[in-house]
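Residue numbers (the numbering used here), protein chains in the order written: chain A, 2 to 634; chain B, 2 to 634.
We treat Cβ as the ideally placed atom computed from N, Cα and C, and that holds for glycine.
There are 2 protein chains.
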Amino acid sequence: MADCTVSFQPHNKAVTVRKGTTLLEAALKANITINNLCGGDGICGRCKMIIKKGNIPEEVSGKLTREEITRGYVLACLTQVMENLVVEIPPETLAREKIVDDEDADRFKEFGQLAQAGDEFVFSPIVKKIYLDLDSPTLDNNTADQQRVCEAVHREIGSGATQMGLKIIRNLPAILRGNNYKVTATVGFRRDIAEIMNIEPGNTAGKNYMIVIDIGTTTIVAHLVDANRIRTIAAKACFNSQGIYGSEVTSRIISAEKRGIVELQKLLISDINGLIRGLAKEDRINLKDITAVVCAGNTVMSHFLLGLPTRYIRRKPYTPTSVDPPPFRAVEVGIQINPRGLLYSLPGISGWVGSDITAGILATNIIDRDGISLLVDIGTNGEIIVGNREWLVACSASAGPALEGANVTCGIRAETGAIEKVYIKNRKIQYKTIGFVPPKGFCGSGIIDLVSVLFNMGIIDRRGRFLDGLDEGVQELNGQKVYLLVDRKKSGHGNHVFISESDIENVITAKAAIFAAMKILLARLDMSFDDVSHFYIAGAFGNHIDIESAISIGLIPNIDRNKIIFAGNTSVKGAKLAAYFQHAFNRVAQIRAKTTYYDLMGADDYVEEFRKAMFLPHTDIELFKGEKVWQKA
Amino acid sequence: MADCTVSFQPHNKAVTVRKGTTLLEAALKANITINNLCGGDGICGRCKMIIKKGNIPEEVSGKLTREEITRGYVLACLTQVMENLVVEIPPETLAREKIVDDEDADRFKEFGQLAQAGDEFVFSPIVKKIYLDLDSPTLDNNTADQQRVCEAVHREIGSGATQMGLKIIRNLPAILRGNNYKVTATVGFRRDIAEIMNIEPGNTAGKNYMIVIDIGTTTIVAHLVDANRIRTIAAKACFNSQGIYGSEVTSRIISAEKRGIVELQKLLISDINGLIRGLAKEDRINLKDITAVVCAGNTVMSHFLLGLPTRYIRRKPYTPTSVDPPPFRAVEVGIQINPRGLLYSLPGISGWVGSDITAGILATNIIDRDGISLLVDIGTNGEIIVGNREWLVACSASAGPALEGANVTCGIRAETGAIEKVYIKNRKIQYKTIGFVPPKGFCGSGIIDLVSVLFNMGIIDRRGRFLDGLDEGVQELNGQKVYLLVDRKKSGHGNHVFISESDIENVITAKAAIFAAMKILLARLDMSFDDVSHFYIAGAFGNHIDIESAISIGLIPNIDRNKIIFAGNTSVKGAKLAAYFQHAFNRVAQIRAKTTYYDLMGADDYVEEFRKAMFLPHTDIELFKGEKVWQKA
């Protein structure tokens, strides 16, 4: 097959590809990260490019406007390269700049209090820098260098086995004598083992940082934290670049089987490095002072992080390679922090209940609470955990990324310019953006609000279809019915901000999957929502979701509001707990032992429940009718 | 400075060196290992070479015969290269082939019984291969691969933290599924930590071997042992090739400061690899089935093994880099066994009391015995330990390698052809060689015997000088007085086998250093030899030494023979104990805590005691006079 050259503008990057390659793949080959969430199925319509020179096969996508088509726009994922091309990539197609979730840092200030509540949680970060002002050897005390250091470290940390690498030991005589026996030891912990992973000249103990990461299928959230005290310095998030290979974990696994795990691992590591670099740069922290990365995520993401084979997770009997990997040196997977820094991957439970869930259980502490708790973690997969001190049952439902602002035409991450709130004021639909700037799209909470508002105002019916003539916002755009919330003239990027019927369908599908899963899981336990004493809602959007909107679309049941606790991103919170408290890290073993996985695929009635939930708020409208239940009767 | 080319025959190897380089250094650069024990001081006379082409500066060594000088012989260490040369290396100058100490294997058969005596010593080798016939995953049991393996291993080994490398984990899905879940795990232990260091297809548990090594300054002894049961398969020994840089640890340290530690490490590792290869080849054992190397040695040798800086050991306050390094992968220092095999270096006590001594204390078990024990380990350094259940005091005296068959003109290792016994029969001096072949030189026990015999027959005086005309064996050879034991016509290599006055002086110096050390150490403890209940003699020659010869030259005191125990090479025995019994390995911590080091250099009276002992058997002849003490009075 012949090769063609594709030149990308404004990057001025050219790549040679085989005839028949898609433009999207060509851009990937040119190392240009572009917005694409549907995995190349031509559905999300985000990978728009403009053909400047050369011909392409005729294939017109409904995702493009007539005007765009006239101007040479194509969807990169649907466009095959058949001859040499010059292609322009418009700014909105390029992967969004990774924007700080400034608010996340604020949100996690409460974390300090939360952690200190449990008195058994003694501050014991997973990496510790210890300043050692050692005695110089004398004839009466000529203990060997390594033992001198180890004994001093032991005095600080208590007993337990100590490890030390050969290079560190070899360098000890020079570093001790060159610094008058004043050095700083970086110690990494794992259960009973302490590794003296680095020895630095002088006192650097004041500068010790960790990165805590929630690796979501759609969204990656990274927090920069101080290892010396409970303090979140900053947070950043980005979409997971693996999105180019599909929005669901299954399509990622299939891609890994075709392209090799390393290909998907690279994208993830590159995202993580980008977040870390960004956090370090803004806060003027030297990468070498970051000594640990603590990650939580679903099991497939945890596998990609370490480059572990994923193929058997999606095949019966769904066996992961590891759910409790030991810590490795971060550099072993290409993460750029201190070259001797450690990478901890929090232990998960099974192929479909990952460390994001054990982290969630840690963060909500439901194994220490009276009564029955239910934790629903809303992400690309919705995970539900029900349990108490004695037992925990978990299940997982594929929801899709709509509630994270993906798989929705104008969906974006919860970043500056995202509509995070939609409400009715003076009988008109109003909205609020993050940062109070002109809107660029909806984040998850905005989407839930908008669907709720449209339904409550009777603009859409119970199946999410637009009812004509009721509101001037309902328009026809590019051949599909949409509700136009923001005209392009008022938006932040010059494009309309709207929601389409298929967007609404994605939202309904997501909420139905999650609601049905909760119902089935409770039913198996001979319980109803009324038996739940603590109802935790977790997810990347966490604190922003409007509870009444969520109830009115049927995402969560109409229960006593006092029972509902917004737990935020419990994956990051739990990982942070594990990073700060070794006791918390070790507690995961307890959580694993108590947790049973319930496979919804084996539930005959799940599909039926799901179908019932495919209405707003539900076929069984009684479930959501009546006054708001402010107090349980 | 100009360069010259030196071509070595019969190797046909040429090297380019700077003008002024010695021939010895040139040979080293050409990677030709030659006999040299004095470290290039022109003393040992072993580095003879023949100049075939080219001129050399005039410098004639007394170590060469007139005939040799006529034939073009030179000492390589004293000969500077000033122009291009062609040089022949005679066979006797080349480093001796490493010959098996077949007898060592026999000697260690008793080890099994010894170890089994202590009932707390449960067989628990430091590396273990465990065959795992795992259940295939099912929907009811879809435990992750790593956890499946770890749990099965834990069932076999009990609790404790488990480690596993990233590469091993990545390869698990393929190796488990490719072998029907039947695999063999190799587990390495260190205190409470177990590392699953390898997973092999099928059942290979039957093939698991360890190498146990005593790294002496002069001699390296390696034993190949079965990790599945207490069985020494074979033993080999060689001279330490670092001898080229001097016979004492101090000169090695100085060389390391000049040439870099790596240079000396390389020689040691190359010797070790040679021994391992030889052992494996003869016993048809695959190197990959050797999963651990356990080493004991003096602290300087242990440092060279790992490439740790040695410079501060010889400077006040004599601080080593490490006396208790963790295990590393053997490949990290270049030892060729299984690529994931571990290298254990037994813990020592201080710069001058190494793991050969902790091993000796382990092997003799003096911390568990009633009464006072004295252990003297006769090597290039003579170490003495006195103690009981409560305390141990150790000291170290520089003896030189004479008693190991080095620093003696015709001294060789205890190998086939070595005169190991000299005795009087029918009023004539007789000898016996190892292997009953024509003699090639003396090993340590033969030298002690010969000096004893010469003294007892009045052929030498109390200062070790030949008394003329008393025996026809006393002759003048190459300008020095010698006792000719074997004429070249009867020897195994066509050269005379003799002992010179300076050889005898080396022997007297060695025994004097050791005897004085014992006396001083006991004096400091307000004790005499009579207070010692168990007198252990250890060393590479161990079982072969004749006790009466040793007493008659004043190496050991004239005490109750029932108290004397030949313990053999306790360094290897102790290391083997540690290899087979984790409890024994851990016991070294106890030994360290109980042991005090006494520095003879700080003893004002040591030099005086040493001088007194520089006579045969001693100035205080009363100490060694009278009937043999068969029973303590």
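For residue j and residue i, believed in contact at Cβ under 8 angstroms, the rounded distance
i         : j         : result
B:Arg-315 : B:Ile-254 : 5 angstroms
A:Leu-225 : A:Leu-280 : 4 angstroms
A:Val-533 : A:Leu-375 : 5 angstroms
A:Ile-430 : A:Val-454 : 6 angstroms
B:Leu-556 : B:Ile-515 : 6 angstroms
B:Pro-318 : A:Asn-181 : About 16 angstroms separates the two Cβ atoms, so there is no contact after all.
B:Gly-380 : B:Glu-405 : 7 angstroms
Minimum Cβ-Cβ distance from residue i to chain A less than 8 angstroms
i         : result
B:Gln-10  : no
B:Ser-572 : no
B:Met-198 : no
B:Leu-393 : no
B:Asp-146 : yes
B:Glu-333 : yes
B:Met-165 : yes
B:Leu-309 : yes
B:Leu-485 : no
Cutoff 8 angstroms: residue i Cβ touching any chain B Cβ
i         : result
A:Val-294 : no
A:Ile-170 : yes
A:Gly-113 : Unreliable positioning characterises A:Gly-113 in this predicted model, as indicated by a pLDDT of 44, which lies under 50. The coordinate reading is nonetheless provided below. By this cut-off, A:Gly-113 is not an interface position.
A:Glu-258 : no
A:Thr-597 : no
A:Met-602 : no
A:Ser-351 : yes
A:Asp-193 : yes
A:Leu-522 : no
A:Tyr-319 : yes
Residue i - DSSP class collapsed to helix/strand/coil
i         : result
A:Cys-48  : coil
B:Tyr-607 : helix
A:Ala-360 : helix
B:Ala-514 : helix
A:Pro-618 : coil
B:Ala-153 : helix
A:Arg-612 : helix
B:His-584 : helix
A:Gln-337 : coil
A:Ala-398 : strand
B:Gly-447 : helix
Burial state of residue i, where buried means 16 or more other Cβ atoms lie within 10 Å
i         : result
B:Met-602 : exposed
A:Arg-612 : exposed
B:Asn-287 : exposed
A:Val-334 : buried
A:Asp-488 : exposed
A:Arg-72  : exposed
A:Ser-248 : buried
B:Thr-17  : exposed
A:Gln-591 : exposed
8 angstroms Cβ cutoff, residue i in contact with chain D
i         : result
B:Ser-323 : Absent here is chain D; the protein component of the structure consists of chains A and B.
Residue i Cβ short of 7 angstroms to the ligand ADP heavy atom set
i         : result
B:Asp-561 : The ligand ADP is absent from the structure shown, which contains no ligand whatsoever.
Measuring CB atoms only, is the stretch 128-137 of chain B touching the stretch 198-215 of chain B, in the sense that at least three cross pairs come out at less than 8 angstroms? yes
Would you call the stretch 354-362 of chain A and the stretch 567-580 of chain A in contact, with 3 or more CB pairs under 8 angstroms? yes
The stretch 337-351 of chain A / the stretch 290-300 of chain A touching (three or more Cβ pairs under 8 angstroms): yes
Three or more beta-carbon pairs under 8 angstroms between the stretch 162-177 of chain B and the stretch 189-206 of chain B, yes or no? yes
For the stretch 424-438 of chain B and the stretch 516-531 of chain B, state whether three or more C-beta atom pairs, one from each stretch, are separated by less than 8 angstroms. no
Taking three-plus beta-carbon pairs below 8 angstroms as touching, is the stretch 260-277 of chain A in contact with the stretch 437-447 of chain A? no
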